[in-house]
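Written out below as structure tokens is the structure these notes cover.
4 protein chains.
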Amino acid sequence: MLKVAICGGSGYTGIELLRILYGHTKVRITAVTSEKSAGKKVSDVFQHLHTHEHLTYEPLNKEKLLTKADLFFLALPHGASQEVVHFFFRNGKKVIDLSADYRLYDPQIYKEWYGVPHEFVSTLKKALYGLPEMYRKKIKNAKLVANPGCYPTSALLGLLPAVQNKLIDLSTIVVDSKSGTSGAGRKADLSLSYCEVNEGFKAYALATHRHTPEIEQELSALANVEVTVNFTPHLLPVDRGILTTIYARLLRKTDTAAVLKLYEKKYAGEPFVRVLGEGIYPNVKDVRGTNFCELGIKVNPRTDTLMVVSAIDNLVKGASGQAVHNMNLMAGFEETEGLDTLALFP
Amino acid sequence: MLKVAICGGSGYTGIELLRILYGHTKVRITAVTSEKSAGKKVSDVFQHLHTHEHLTYEPLNKEKLLTKADLFFLALPHGASQEVVHFFFRNGKKVIDLSADYRLYDPQIYKEWYGVPHEFVSTLKKALYGLPEMYRKKIKNAKLVANPGCYPTSALLGLLPAVQNKLIDLSTIVVDSKSGTSGAGRKADLSLSYCEVNEGFKAYALATHRHTPEIEQELSALANVEVTVNFTPHLLPVDRGILTTIYARLLRKTDTAAVLKLYEKKYAGEPFVRVLGEGIYPNVKDVRGTNFCELGIKVNPRTDTLMVVSAIDNLVKGASGQAVHNMNLMAGFEETEGLDTLALFP
Amino acid sequence: MLKVAICGGSGYTGIELLRILYGHTKVRITAVTSEKSAGKKVSDVFQHLHTHEHLTYEPLNKEKLLTKADLFFLALPHGASQEVVHFFFRNGKKVIDLSADYRLYDPQIYKEWYGVPHEFVSTLKKALYGLPEMYRKKIKNAKLVANPGCYPTSALLGLLPAVQNKLIDLSTIVVDSKSGTSGAGRKADLSLSYCEVNEGFKAYALATHRHTPEIEQELSALANVEVTVNFTPHLLPVDRGILTTIYARLLRKTDTAAVLKLYEKKYAGEPFVRVLGEGIYPNVKDVRGTNFCELGIKVNPRTDTLMVVSAIDNLVKGASGQAVHNMNLMAGFEETEGLDTLALFP
Amino acid sequence: MLKVAICGGSGYTGIELLRILYGHTKVRITAVTSEKSAGKKVSDVFQHLHTHEHLTYEPLNKEKLLTKADLFFLALPHGASQEVVHFFFRNGKKVIDLSADYRLYDPQIYKEWYGVPHEFVSTLKKALYGLPEMYRKKIKNAKLVANPGCYPTSALLGLLPAVQNKLIDLSTIVVDSKSGTSGAGRKADLSLSYCEVNEGFKAYALATHRHTPEIEQELSALANVEVTVNFTPHLLPVDRGILTTIYARLLRKTDTAAVLKLYEKKYAGEPFVRVLGEGIYPNVKDVRGTNFCELGIKVNPRTDTLMVVSAIDNLVKGASGQAVHNMNLMAGFEETEGLDTLALFP
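Residue numbers (the numbering used here), protein chains in the order written: chain P, 1 to 346; chain W, 1001 to 1346; chain F, 2001 to 2346; chain Z, 3001 to 3346.
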């Protein structure tokens, strides 16, 4: 049994790790931290986690935790993760960081978008961006994985085959994303309260959202040229799910069937990406609670534009499920271990 | 592997059986019926059931189905189930009927509340009411189990210990239930459309709901005296979940702690009933997607009234999960096989 | 034009007053207070109140406010309202208090349920419980009106005719209420955040909710005997609306039609109470945004129990709309002035 | 008092007309039709329209209706409206058609997108596209107004100033729209049922939605050159509201402040368009139940792209409210008559 610890285990991604790992047969959770809930049983704080009665939240004491586990999931706020990742990594532990702190390879860009400098550049250089569909082989040998952001996961999976096949004009990409409210985290915040969110819908952080450079970094790496994108996030009155609608001008005349073939080929062996048939588009409800990304494709012949719709569960494929997938790869487990479940519908 | 067939596999309870059984290690689904979707793959009709690609809906041809399975789940409309149950049962198959057709032992009462006569009274006599917490031992040897209704499950689990311990005045029982919309079934019906249900809440079928005699039958059996109850169902704007609030006058002075002890004792060994601590009351969100029933208890000292709040997922403990639990008992499997999962929260 | 001020104008009841009074032709809002938003325009804090551009939030400075208005709406937290009410009332102003501070005539009971003593008992003695359907005549001459709580409004309107007509056994009353989330107020609170409330449903404050003595006070006054009730509030995943389901044992054999007649007679002239026909039950969606209370009646002949279902909008009839109704009565305006609108459906 | 009739008065746009006109002081509704509900009182079919007790649904008998009203609102399905519009218009009545039948000036394009020929081309030539912000003057003298579609209203108001000021490359327009479920109409349809829509989100009709040519027609007229757009509708789990996010490449370097000025200038006198300040973006919840369109503007300097977010209530500004606005213009009433209300928030 692999011994794993979860740092930051009382936020939505933390408790999602607890939920998913309950169904994982090769892992034992040996520690879980929370400053606010320190001293309390997990099962007393979260009624739905009643099976975790033996687990008690503890404060994040790095030295104490070090000996308890072989792999650490960090579900800490951005900024707070930097030093903790560095510590566990430098002490020989495997680390999967769910924060954004190790996703951007360029510390300059990190500073620009996150407003703080990166204090551990040498460790940052060792980090790998953990999107299995791009970096599976490297992840298998990685010691430090930066788990991708939720929006970037949905955008990149929708764009990879188009970029790799040089289908689209890279200067025309529009990424219009809509996320369920759990993406904003678990906190007391008036703007996230039920009566403010329910029956509402809005865009936010236009042209300034921090996931923009993450999408651009990976597209640029793929295309071998600097790419910028128009990315707009929206707040959706549902608990879970991201639907991303992508637009890009086609470089050559083609049709939906031909593009579908390219997407199907690219994702043929992927356990968690499903390319839907012509005329079928995904719904976040169909992937809820699962690690699947579903893709719908359409070529608009009137405008020569490629349209891709991508759906994931932001807490699973967009966070904790992908983290478990990364762990499975790093530990040599079956890729689908712990993740082979169906969506809760309705 | 036990071969099972599902008759009526395109309604909400049918697809919930398909979802749950996907995680069951001792069962193989060998047939699934649907008149409307006959000839279509399950995975083409329900995107979230993409793993069931090998299963194709077929029409309900009893003779054809007979050889295909050893146990039949019937998720057919009330009335339609009568004859099908009879056929499979008389041909030596194990049957778990999710309709109401075999729940009421008295055919007269069935006719009164369901408006049609029962045509198979001899078979009806062989049926067992499948609430494991009441009839576990009998279920293990049963061939024909009538799976309890969703509302009765939540009401009975909330009342059993009080009735068995003669705590309450049986003439004063109020059962005020609130159910998620999936309880009304999967159908094109204006009154179930999103804009009619969303942001709404209403009571319906006051003093006339068909689950009333089912609750009364089991309470009467327990108490060995004829019991009537005030039962009011309400339509809740959520997908899943029943919360039932129960009131009954206490026969003797007592307090919450004392009653909690009786409830804890009664449900001590039960794998799917959780009695919450004093001052904690259940939320349907904490049992969503699971087979758990959570109970909160309060004695109101100002009115000498016992109040019990009971929460289940109407599609799981209130239908398909309880059916799988019954199958596990009938087949000698672990009781929790296929049902040992945590709620999807949030 | 009557000059009115609103103290506590940035909570849900405060902004609802601003919304309703925008459509009132005989009133001018001359001041609105908020500590947190002091110095900001109403229209900058609330986008939907863009018409109130001329109004700027100010701190609650009683002396300063005194000269600005003739009637004061107080939408302050319980406890905080005591002294402010006293001040304006003692200085000759008309006051409508939306808090609970002046609803309970007995300061002892107030202290028991609210945990603080009442410091202004002499003023408390001058207060009138402002339920127009009970006290219309007195309200017309009142200077200090305690606006009823949301739950008590729904419960009392459902019970008045039954109690007045001595239909029911007063020792058997069950009041099972379900409220939309706006009833909990506008605040940053994790338990009110979208992902905690959405798709959930729960009971809370069993046998201990502070609206209990308010219901009991008015029923006792009506019946001329001390009445206690079982009252259970629930949190409903909708923005607005309270549905209350009431049960009480009948003292004599009767039927739905006969009881309906009594209810229709009682509420014949009432502009804001609608008794629905036999077999029709209210839905909170049908009263959303309006000052109406809709009532559905059913006699359960199997248990000799009266069942009443009552629906209101908790922010309108349950708070700000009723406050405007009271103002209309106190100022001699048409009762329906400012309140003659239809529900937003869907 | 202007006598008006509503043909198709039991769908969501029909009942929204009934709701809005209840607050209109210069209009009397003299007839309302519905085939399904013919013979029933409006107040018996819709509980929230209890004030319309004197109105009874009648079948659509054109000859009979002709003498009853001076202005006809037609809220009939597409196709069904063609002949009815023609009849009333040719008989000298003023007509406001809420269907799509008279919106596309080119009968060829109508046939292409709606699949049926236009049988009344001579009448079609007399129709005016009723977007007051574009055609106010002409509407004042119009006899036949085609009320704009909901999506086109939100898209056009977001694009008008940019196109008129030649700010954007017309070949790069992306219109990504998200609509509340009432936009799909009031009908028994499984795909619109609560459990299918709730907690879900999806795109539909990619590159093929019928509102595309309507948007293109008006943009082309404005720009005096043929314009095509990428338009994608999405289904939002809310009752009401459309949020449209628009992207277009800028033709010249500019910034948000400068573009805001152009928008503010264009809409300076408009009673129902609000341009929000820099950094503020609209939420559908803030316009719910109102005739307002709120616009947020952002120039993305990294991609030289204009981003506009536009919010309306699909049933008001996107349908019935705009129809009443058009009536006010045609009849010489105050433009805001009947429409001067605030959003129901929360």
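Beta carbons: idealized from backbone N, C-alpha and C, even for Gly.
Item	Value
Does any residue of chain F bring its CB to less than 8 Å from the CB of W/Leu1329?	no
Let me know the secondary structure DSSP gives W/Met1327 once reduced to three states.	helix
Between F/Tyr2022 and the ligand MG, is the CB less than 7 Å from at least one heavy atom?	Looking for the ligand MG in the displayed structure turns up nothing, as the structure carries no ligands at all.
How far does the beta strand (DSSP E) with W/Pro1233 in it reach, from first residue to last?	1230-1236
Closer than 9 Å, Cβ to any Cβ of chain W: which residues of the stretch 3188-3209 of chain Z, in chain order?	Ala3188, Asp3189, Leu3190, Ser3191, Leu3192, Ser3193, Tyr3194, Cys3195, Glu3196, Val3197, Asn3198, Glu3199
Do we get a CB-CB distance below 8 Å when we pair Z/Ser3154 with the residues of chain W?	no
Counting Cβ pairs, one atom from each stretch, are 3 or more of them under 8 Å apart for the stretch 270-278 of chain P and the stretch 1020-1038 of chain W?	no
Buried or exposed: which applies to Z/Met3001, given that a residue is buried once 16 or more other Cβ atoms fall within 10 Å of its Cβ?	exposed
Going by DSSP, which residues form a beta bridge with P/Ser310?	P/Thr244, P/Leu295
Who are the Cβ neighbours of Z/Val3284 in its own chain at under 6 Å, not counting the five residues just before and after it?	Gly3241, Leu3243, Ala3311
When the Cβ atoms of the stretch 117-127 of chain P are set against those of the stretch 99-107 of chain P, are three or more pairs found closer than 8 Å?	yes
How about W/Gly1269 and W/Leu1344: do their beta carbons lie closer than 8 Å?	no
What in chain W is Cβ-close to F/Glu2273, meaning under 9 Å?	Correcting the residue identity first, residue 2273 of chain F is Val in this sequence and not Glu. Here the premise fails: no neighbours, minimum Cβ distance about 18 Å.
Are there three or more Cβ pairs, one per stretch, closer than 8 Å when the stretch 2181-2189 of chain F is compared with the stretch 2120-2138 of chain F?	no
Taking the alpha carbon of W/Glu1199 as the point to measure from, which residue in Z/Ala3203, Z/Ser3182, Z/Thr3212 has its own alpha carbon closest?	Z/Ser3182
Whole angstroms is fine: what's the gap from P/Leu160's alpha carbon to P/Leu219's?	8 Å
Tell me whether the beta-carbon of P/Arg210 lies closer than 8 Å to the beta-carbon of P/Tyr102.	no
Strictly by DSSP, which residues pair up with F/Leu2002?	F/Val2027
Got a sec? Which residues, its chain only, sit under 7 Å from F/Gly2185 by beta carbon, not counting five neighbours each side?	Gly2011, Tyr2012
Using the C-alpha atoms, what's the distance from W/Pro1152 back to W/Asn1291?	15 Å
Which bits of chain F does Z/Gln3322 rub up against, with CB to CB less than 9 Å?	Correct list: empty, because the minimum Cβ distance to chain F is about 17 Å.
Would you give the residue range spanned by the alpha helix (DSSP H) that Z/Gly3158 belongs to?	3150-3164
Assign F/Asp2340 to one of three DSSP states: helix, strand, or coil.	coil
Quick one: give me the first and last residue of the alpha helix (DSSP H) that F/Phe2087 is part of.	2081-2090
Check the Cβ of P/Pro161 against every Cβ in chain Z and list those closer than 8 Å, keeping chain order.	Going along chain Z, no residue has its Cβ under 8 Å from P/Pro161, so there is no contact; the nearest lies around 18 Å.
Answer with yes or no whether the minimum CB distance from F/Ser1993 to chain Z is below 8 Å.	The question about residue 1993 of chain F has no answer here: the residues shown for chain F are numbered 2001 through 2346.
Would F/Glu2226 be called buried (16 or more neighbouring beta carbons within 10 Å of its own) or exposed?	exposed
When you check each C-beta in the stretch 2238-2256 of chain F against every C-beta of chain P, which residues fall closer than 7 Å?	Asp2239
Comparing alpha-carbon positions, which option in W/Cys1195, W/Val1163, W/Gly1318 lies nearest W/Val1229?	W/Val1163
Output yes if chain P places a C-beta closer than 8 Å to the C-beta of Z/Lys3261; else output no.	no
Under a CB-based cut-off of 8 Å, is Z/Phe3073 close to chain F?	no
Report yes if the CB atom of Z/Ser3081 is closer than 8 Å to the CB atom of Z/Tyr3057, and no otherwise.	no
Does the beta-carbon of F/Ala1944 have 16 or more other beta-carbons within 10 angstroms, so that it is buried, or is it exposed?	Lying outside 2001 to 2346, the shown extent of chain F, residue 1944 of chain F is not represented and no answer is given.
Residues in its own chain within less than 7 Å of P/Phe46 by CB, not counting five upstream and five downstream?	Ile15
Using a Cβ-Cβ cut-off of 8 Å, state whether F/Gly2289 counts as contacting chain Z.	yes
Quick check on DSSP: helix, strand or coil for W/Arg1210?	coil
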